[in-house]
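With the first letter of the sequence shown counted as 1, position 156 gets the number 226 in my numbering; the numbers rise by one all the way through.
Don't be surprised by glycine CBs; every beta carbon is placed ideally from N, CA and C.
All values derive from a computational prediction rather than experimental measurement.
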Amino acid sequence: MNIIDRRSFLKNATLGAGAVVLQPVLRSLAAEANGKAAPRRIVFFLEGNGMSPDHIQPLGLERPGNGSDKLIDDSLAKYKLPDPIGALSPFRDRMTIIQGLSHKIASGRGHSPEYGSLGCYSGAAGPIAQTIDAALAAKLPSVVPHLGLALTPDANQIVSYSSSVTSKGKPLPYHCQAELAFQSLFGSAAGGEAAKIPFLRQKLMDYMSADIKRVQSRLAGPERESLDRYLEAYESMLDRQHGIAGMQDVLRANMPNTDKFKSTAETDRLEAQCDMAVSSLLSGLTNVVTIAACTGNSYMKWNSLGISLATNAIGHGGGENGKTSDELLRIIRSFHAERIAALAKKLDAVKEGNGTVLDNTLIVYMSDFGDRHHPSYTQWPVVLIGNLGGKLKTNGRFLEYPRYGVKGHRTIGTLYQGLLHAVGDKREQFNNVDLALDKSATQGPLSDILA
């Protein structure tokens, strides 16, 4: 088979009984046949209520009480991971733990800065500019540019807004129920009643779009501009639905297990959302996912983990059943780490090019509260897993930057800028910077992580 025939076959092959096994392989071979690099993917896993720096500090690697006065660049191979993130140990040689970055530009609220966490602007300002996940999605396009999946205290909540923004005044929605997300994204390929839902939704949006266009021609000024925004939103949804409709075989091959999709238990709901993330990435529906585990200013009771206190009370020092606040937070963090490890393992099980899907993926794990319930903003712990197809140096490293105000200090904004550079967006600055710091702390990408 010559190269042109091979490309054509790989591109147009219809998958049958072997779809689950062959689809990822065919996708990888098709990319290679066309001389294209495998798609790059990014997953943000945000947890609420703060991430204590101690919970991610390698055992045996002591931290100065008031922060470091110099850059520490060490190998994780020499240390054991602490219990709260012990589940990530299988990926220790593919991860980087970063301590000491500050994020004071996001301050302005007593708890989560919400959009400011991913946006590099005051948490009190609302959705005033694009967040980093949306910026990365613009450089890694797919049918669904950005997929937001949330765990909220209310199991009946359908959608939430508090973390991501596509542009000024346009926050991105998060699916709060895995079952509804499944119907929206995979329903057309599921068969039965589930298949009718996206079809009916698409017909409804077709009619609504046509109606908007008819009314639009009769308006001018502010009313026309307002309607233009509605039309833009509907046409974006239509494009997504039409794109999904043409992916039946791929969707069937990567459909998630829906056993836990109707459960109201918070642990099952987060596991289901992580499964939705994996399936959406493997099917090519999206290349950027943000999983928000009780982020923003909402607080969960982790009853399934044996914790009856809400995370707000735990954040204020509350304990129960003989366990301190810190011990309860460690239990919750361990569960989050287990979910991330399971997600990474599933991505690592799928071959792609000369490696696996995980090799072409980056997982960013942090809290949208920074280091604690009432964030200090002077340090914002981060864990990175994967190297984004060789674009990042995350091969088993520990990085600690000099404390706030000391020469060599860096910010979360420079980390975000580094991620943008890794996907080809060479902007000189990402949104706002901390003017109280020297420019050397806030300007340019975090070059230490770039390959």
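Can you tell me where the beta strand (DSSP E) holding residue i begins and where it ends?
| i | result |
| --- | --- |
| Arg111 | 111–117 |
| Ala362 | 358–363 |
| Glu470 | 467–470 |
| Thr448 | Run containing Thr448: none; DSSP gives neither H nor E here. |
| Val235 | 235–237 |
Secondary structure at residue i, three-state DSSP: helix, strand or coil?
| i | result |
| --- | --- |
| Glu184 | coil |
| Glu336 | helix |
| His443 | coil |
| Ile168 | strand |
| Thr423 | Here residue 423 is Gly; the residue named in the question, Thr, does not match the sequence. Coil at Gly423, not helix or strand. |
| Glu498 | coil |
| Glu390 | strand |
| Ile410 | helix |
| Tyr244 | strand |
| Ala63 | Lying outside 71 to 521, the shown extent of the chain, residue 63 is not represented and no answer is given. |
| Val434 | strand |
| Asn143 | The sequence shown places Asp at residue 143, rather than the Asn named in the question. Strand at Asp143. |
| Val213 | coil |
| Leu520 | strand |
| Ser395 | helix |
| Ser230 | strand |
| Leu255 | helix |
| Lys477 | coil |
| Lys174 | helix |
| Leu351 | helix |
| Leu131 | coil |
| Val503 | coil |
| Leu151 | coil |
| Leu458 | coil |
| Lys415 | helix |
| Leu297 | Unreliable placement is indicated for Leu297, whose pLDDT of 48 sits below 50; no coordinate value is reported for it. |
On the DSSP letters alone, give me the boundaries of the alpha helix (DSSP H) that residue i sits inside.
| i | result |
| --- | --- |
| Gly218 | Careful: Gly218 lies outside any alpha helix (DSSP H), inside the beta strand (DSSP E) at 217–221. |
| Tyr510 | Position check: residue 510 holds Ser in this sequence, whereas Tyr was assumed. It spans 509–512 - the alpha helix (DSSP H) in which Ser510 sits, taken as one unbroken run. |
| Leu454 | Unbroken run through Leu454 is the beta strand (DSSP E), 452–455; no alpha helix (DSSP H). |
| Asp224 | Asp224 -> no alpha helix (DSSP H), and no H or E assigned at all. |
| Thr484 | 482–492 |
| Asp203 | 202–209 |
Does the Cβ of residue i have 16 or more other Cβ atoms within 10 Å, making it buried, or fewer, making it exposed?
| i | result |
| --- | --- |
| Asp429 | buried |
| Val434 | buried |
| Arg162 | buried |
| Ile482 | buried |
| Leu379 | buried |
| Gly366 | buried |
| Lys461 | buried |
| Arg497 | exposed |
| Asn501 | buried |
| Pro223 | exposed |
| Ala147 | exposed |
| Ser145 | exposed |
Can you give me the C-alpha to C-alpha distance between residue i and residue j, rounded to a whole angstrom?
| i | j | result |
| --- | --- | --- |
| Glu408 | Leu351 | 19 Å |
| His386 | Val420 | 42 Å |
| Val214 | Asn136 | 44 Å |
| Leu490 | Val503 | 16 Å |
| Ser138 | Asn119 | 24 Å |
| Ile361 | Asp345 | 11 Å |
| His406 | Gly156 | 11 Å |
| Pro197 | Asn226 | 25 Å |
| Glu390 | Ile377 | 8 Å |
| Lys477 | Lys415 | 39 Å |
| Leu413 | Thr337 | 14 Å |
| Arg110 | Gly392 | 45 Å |
| Thr484 | Phe115 | 19 Å |
| Pro243 | Phe331 | 19 Å |
| Gly130 | Glu397 | 20 Å |
| Leu270 | Leu206 | Because Leu270 carries a pLDDT of 44, less than 50, the predicted location of this residue cannot be relied on, and the following value inherits that uncertainty. Going by the C-alpha atoms only, they are around 31 Å apart. |
| Pro211 | Pro134 | 42 Å |
| Leu158 | Ala195 | 35 Å |
| Leu520 | Ala492 | 7 Å |
| Gln343 | Gln253 | 13 Å |
| Gly68 | Leu505 | The structure shown does not extend to residue 68, since the chain is modelled only from 71 through 521, so no value can be given for it. |
| Val348 | Thr334 | 21 Å |
| Leu141 | Gly488 | 17 Å |
| Leu432 | Gly459 | 9 Å |
| Pro515 | Cys364 | 29 Å |
| Ser172 | Lys240 | 26 Å |
| Ala388 | Glu422 | Looking at the sequence shown, residue 388 is not Ala but Gly. Approximately 46 Å, taken between the alpha carbons. |
| Pro123 | Gln449 | 8 Å |
Can we count residue i as close to the ligand HEM, meaning its CB is less than 7 Å from some heavy atom?
| i | result |
| --- | --- |
| Gly196 | What this structure holds is no ligand at all, so the ligand HEM is not there to describe. |
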